[in-house]
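Residue numbers (my numbering), protein chains in the order written: chain A, 1 to 176; chain B, 1 to 182.
Only one structure is covered here, and it is reproduced in the block below.
Below, the structure written as structure tokens:
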């Protein structure tokens, strides 16, 4: 940058200031070494590897414990037999039973998820037990006769209807 | 840039860096030393990384300026917490004061009386021989603002020295110098 006039004079004053500062500047090595001494040393590679391994183990064990606590609850969900579930859902009763068991084990977020699962199971049970109101029209009156066997307590005459006819009886019938 | 390479470059710039640190710390030598050491520490720790987007000098000066401001803020906070008077370390060194010429003493006083931005601009331009654009990069402000600070600072410095009524062989031109190449 080119200076002229009073700028040159200002620069002269600054130059004098600069010369004075130069004589009193601390050595670079002194400040650099002090800074290096204050730099925290990085842990060696092996130590870092061990730290990472420990962190991974902790995370894995945490996941394992979580899944272990989650398992009994899923058993409850899976073991609900469909015939036990009433046609009209009574979710409050079941939910309270289940939540009573798992209240201490499950965190609120997980319990919300399970509640959703239970609602889904109840709805599935309701659907499986559903019957059409016109189902009765599919039954004919003869279904009961055709679908049943003769009983031992029936009269002999009635039983004879089911026996094959003998030859002499056939002759009698022809004479008549 | 490798750290050994950077170290060599920093060593070359060390004197200029210290001069700039002194200016940022209101000519307090021990504070300037501490600031410069903190800057080197930041570089070693990787907190301040030179990406080659500007000149190394402008980058380094910007880091020094920021560090000095942070250190000053911390000092003010510390003094507020301890409820004592602000920890203004005396920058005057008696034996040094005696060595200084009267003109130099008056010049320092006039410089100290300037607003921070104007003082910084004049230092970067006259002491460090940076261009206005580079000064703007260091100060993180626009080129226009630097020009304004430069002109105002120059005028104020001249007025301040005139007021002292000293004539130490420097005849100030009364007319504004418009032909300056920036």
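Idealized CB from N, CA, C, for every residue including glycine.
None of these values were measured; they are calculated from a predicted model.
How about residue i and residue j: do their beta carbons lie closer than 8 Å?
{"i": "residue 14/A", "j": "residue 127/B", "result": "yes"}
{"i": "residue 39/A", "j": "residue 44/B", "result": "yes"}
{"i": "residue 64/B", "j": "residue 35/B", "result": "yes"}
{"i": "residue 7/A", "j": "residue 104/B", "result": "no"}
{"i": "residue 48/B", "j": "residue 42/B", "result": "yes"}
{"i": "residue 144/B", "j": "residue 121/B", "result": "no"}
{"i": "residue 34/A", "j": "residue 37/B", "result": "yes"}
{"i": "residue 29/B", "j": "residue 24/A", "result": "yes"}
{"i": "residue 113/B", "j": "residue 160/B", "result": "yes"}
Show which residues of chain B have a CB atom less than 9 Å away from the CB atom of residue i.
{"i": "residue 109/A", "result": "By Cβ distance, chain B contributes nothing, its closest Cβ being about 38 Å from residue 109/A, past 9 Å."}
{"i": "residue 22/A", "result": "15, 18 and 19"}
{"i": "residue 116/A", "result": "Within 9 Å Cβ-Cβ: nothing; residue 116/A doesn't reach chain B, min ~48 Å."}
{"i": "residue 119/A", "result": "Within chain B, no residue comes near residue 119/A; the closest Cβ sits about 54 Å away, beyond 9 Å."}
Can you pull the chain B neighbours of residue i, defined as C-beta to C-beta under 7 Å?
{"i": "residue 16/A", "result": "104"}
Excluding the five sequence neighbours on either side, which residues of its own chain have a C-beta within less than 8 Å of the C-beta of residue i, listed in chain order?
{"i": "residue 18/A", "result": "none"}
{"i": "residue 55/A", "result": "none"}
{"i": "residue 66/A", "result": "none"}
{"i": "residue 8/B", "result": "none"}
{"i": "residue 131/A", "result": "none"}
{"i": "residue 147/A", "result": "none"}
{"i": "residue 110/B", "result": "157, 160, 161 and 164"}
Please check the pair residue i and residue j, which I expect to be a contact at CB under 8 Å, by giving their CB distance rounded to whole angstroms.
{"i": "residue 73/B", "j": "residue 118/B", "result": "So it is not a contact: roughly 21 Å between Cβ atoms."}
{"i": "residue 58/B", "j": "residue 138/B", "result": "5 Å"}
{"i": "residue 60/B", "j": "residue 13/B", "result": "6 Å"}
{"i": "residue 70/B", "j": "residue 39/B", "result": "Between residue 39/B and residue 70/B the Cβ distance is about 11 Å, and since that is not below 8 Å, they are no contact."}
{"i": "residue 22/A", "j": "residue 15/B", "result": "6 Å"}
{"i": "residue 177/A", "j": "residue 110/A", "result": "Outside the modelled stretch of chain A, which goes from 1 to 176, sits residue 177/A, for which no answer is possible."}
Can you list, in chain order, the residues of its chain whose CB lies under 7 Å from that of residue i, leaving out five sequence neighbours each side?
{"i": "residue 32/B", "result": "18, 21, 22 and 25"}
{"i": "residue 48/A", "result": "none"}
{"i": "residue 175/B", "result": "Annotation note: pLDDT 43 at residue 175/B (below 50); position unreliable, no value reported."}
{"i": "residue 149/B", "result": "117, 118 and 121"}
{"i": "residue 151/B", "result": "none"}
Chain A partners of residue i, CB-CB under 7 Å?
{"i": "residue 109/B", "result": "None at all; the shortest Cβ gap to chain A is about 12 Å."}
{"i": "residue 126/B", "result": "10, 11 and 14"}
{"i": "residue 41/B", "result": "35, 38 and 39"}
{"i": "residue 44/B", "result": "35, 36 and 39"}
{"i": "residue 118/B", "result": "Result: empty, since nearest Cβ-Cβ is about 12 Å, beyond 7 Å."}
{"i": "residue 37/B", "result": "31, 34 and 35"}
Which residues of chain A have a Cβ atom closer than 9 Å to the Cβ of residue i, listed in chain order?
{"i": "residue 50/B", "result": "Ordered by position in chain A, no residue passes the 9 Å Cβ test against residue 50/B, which lies about 16 Å from the chain."}
Apart from the five residues on each side of it in sequence, which residues of its chain come closer than 6 Å, Cβ to Cβ, to residue i?
{"i": "residue 134/B", "result": "58"}
{"i": "residue 123/B", "result": "23"}
{"i": "residue 64/A", "result": "none"}
{"i": "residue 62/B", "result": "138"}
{"i": "residue 53/A", "result": "none"}
What residues of chain B sit near residue i, judged by a beta carbon separation below 8 Å?
{"i": "residue 19/A", "result": "Those within 8 Å of residue 19/A in chain B number zero; the least Cβ separation is about 10 Å."}
{"i": "residue 28/A", "result": "10, 11 and 14"}
Inset, instruction - Check each residue of the segment 34-65 of chain A: if its Cβ is closer than 7 Å to any Cβ of chain B, include it; give the result in chain order. - result: 34, 35, 36, 38 and 39
Inset, instruction - Below 8 Å between beta carbons is the criterion; list the residues of the segment 4-35 of chain B that meet it against any residue of chain A, in chain order. - result: 7, 10, 11, 14, 15, 18, 19, 22, 29 and 33
Inset, instruction - Please name the residues in the segment 140-166 of chain B whose beta-carbon is closer than 8 Å to at least one beta-carbon of chain A, in chain order. - result: 154, 157 and 158
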